[in-house]
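Report on one structure; see the data block that follows.
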Amino acid sequence: MNDRKIRVLVVDDHAVLRDGVAAALGNHEDMIMVGEARNGKEAIECFQALRPDVTLMDLQMPVMNGVEAIAAIRRDDPDARIIVLTTYTGDVQAVRALKAGAVGYLLKSGLRTELIDAIRNVHRGQRHVHRDVANEIAMHVVDEALTEREVAILQLVASGQANKQVASMLGLSEETVKGHLKNIFSKLDVTDRTHAVTVAARRGIIEL
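Each residue of the sequence shown is one higher than the one before, starting from 5 at the first, in our numbering.
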């Protein structure tokens with residue numbers, strides 16, 4: 005029987021979260037926290053030094069975000085097992101992380117109930133995606149994605165820019181911006197700018 009502990013690296017810019025995970029792991033004899041990092045850059049360095057069995061990775065961090073770190077780690081080690089640990093249920097952000105190489109996606113709200121099972125499942129070679137996130141992905145899988153230009157326009161709208169200002173900043177005509185917004189509203193199934201920004205932020209299309 006293999007009694008070697010599952011070695012876990014925790015990556016999050018909040019010390020309280022890292023301490024909480026360490027405490028949770030400490031209650032289980034089959035796993036141990038072997039290292040911690042505060043951003044994506046540190047995560048890559050720690051991964052290379054420690055070669056953990058499972059890495060828990062936040063997405064929104066300074067210096068380098070989680071998706072970039074996941075991609076870099078997987079390039080270095082295609083077998084790296086990484087679980088995203090985030091507050092965001094957005095399907096676009098989740099798909100982005102899973103495409104980068106994450107094999108698990110866990111919400112911080114589920115730490116007490118789901119964390120240990122997720123680590124064990126991923127360590128066994130399984131995927132583990134939180135049910136709410138999986139439902140979001142399934143709900144939008146056939147939706148037409150926003151283009152890069154549409155995302156750029158919506159990001160400027162979210163920062164409070166009027167159509168005229170958006171047009172000036174992107175070198176477009178105001179009519180072209182209006183046309184793009186019409187397409188955005190249709191793709192997101194909304195009727196106004198405020199609702200478009202709200203939906204896009206929730207799904208991880210833009211950042212507020």
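Cβ coordinates follow ideal geometry from the N, Cα and C atoms, glycine included.
Asked: Is the beta carbon of Leu63 less than 8 Å from the beta carbon of Val71?; Found: yes
Asked: Under DSSP, the alpha helix (DSSP H) around Glu179 begins and ends at which residues?; Found: 178 to 192
Asked: Would you kindly report the start and end of the unbroken beta strand (DSSP E) that includes Leu89?; Found: 86 to 90
Asked: Between the alpha carbons of Asp193 and Asn43, how many angstroms are there, rounded?; Found: 35 Å
Asked: Return helix, strand or coil for Val96, following the three-state DSSP convention.; Found: helix
Asked: Per DSSP, which residues does Glu40 bridge with? Please list them.; Found: Val14
Asked: I'd like to know whether the C-beta atoms of Ile141 and Val12 end up nearer to each other than 8 Å.; Found: no
Asked: Which class does His127 belong to by DSSP, given the choice of helix, strand or coil?; Found: helix
Asked: Just to confirm my understanding: we take Phe51, look at its own chain, exclude 5 residues before and 5 after, and list those with CB closer than 8 Å. What are they?; Found: Leu13, Thr59, Ile77, Asp80, Asp81, Ala84
Asked: Check whether the stretch 107 to 123 touches the stretch 145 to 163, taking contact to mean three or more Cβ pairs, one atom from each stretch, closer than 8 Å.; Found: no
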